[in-house]
Amino acid sequence: MSTGNSILLISADAKLAEIYGRKFENDGWDVEIAESIVEGDRKLLKIRPNVIVLDADCVVDLPLEIKRLKKMPTILKTKLAIFSPFGESKQIADSINAGADLFLIKGHFTPVEMFQKIKKMLEA
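Here the UniProt record's numbering is used: the first residue of the sequence shown is 1, the next is one more, and so on.
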């Protein structure tokens with residue numbers, strides 16, 4: 001049963017995206033997975049997710065990509081979470097300052113924990 005919530009996971013690691021996506025599907029979310037930022041852009045022409053999770057490994061200039069996504073008129077209300085293998089305070093600050101709503105460090109959050117963080121972000 002759909003909750004009306006949807007998520008776009010953009011990650012070059014399809015297996016990882018599947019694992020995290022399955023948790024959202026099991027909780028009634030509509031899940032789309034893109035293996036590149038280009039594929040993610042194509043999907044955003046067709047869908048309007050509540051949340052985008054962007055794997056930092058998919059982009060060269062993370063703050064620039066965050067700003068670009070946040071300016072897209074079709075997804076102005078979409079929340080953006082960054083999923084990064086690095087937890088350096090500068091990268092976190094740069095991402096939040098560029099417009100990211102949430103920063104998650106890979107390997108520090110199980111699918112259940114990621115789901116809870118994203119759900120809490122949407123409720124705020």
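Ideal Cβ placement from N, Cα and C applies to all residues, glycine included.
Note that the structure is a prediction, hence the values are computed from the model and not measured.
- In this model, ALA124 and LYS71 are separated by some 21 Å (Cα to Cα).
- Sequence-distant partners of ALA100 (beyond 5 residues in either direction) whose C-beta falls short of 6 Å from its own C-beta, in its chain, are ILE66, LEU80, ILE82.
- Restricting attention to SER11, PHE24, ILE19, ALA17, the CA atom closest to the CA of LYS117 is found in PHE24.
- Separation of the CB atoms of LEU9 and ILE33 is rounded to 5 Å, and the pair is thereby assigned contact status at 8 Å.
- With fewer than 16 other CB atoms across the displayed protein chains lying within 10 angstroms of its CB, ILE19 is exposed.
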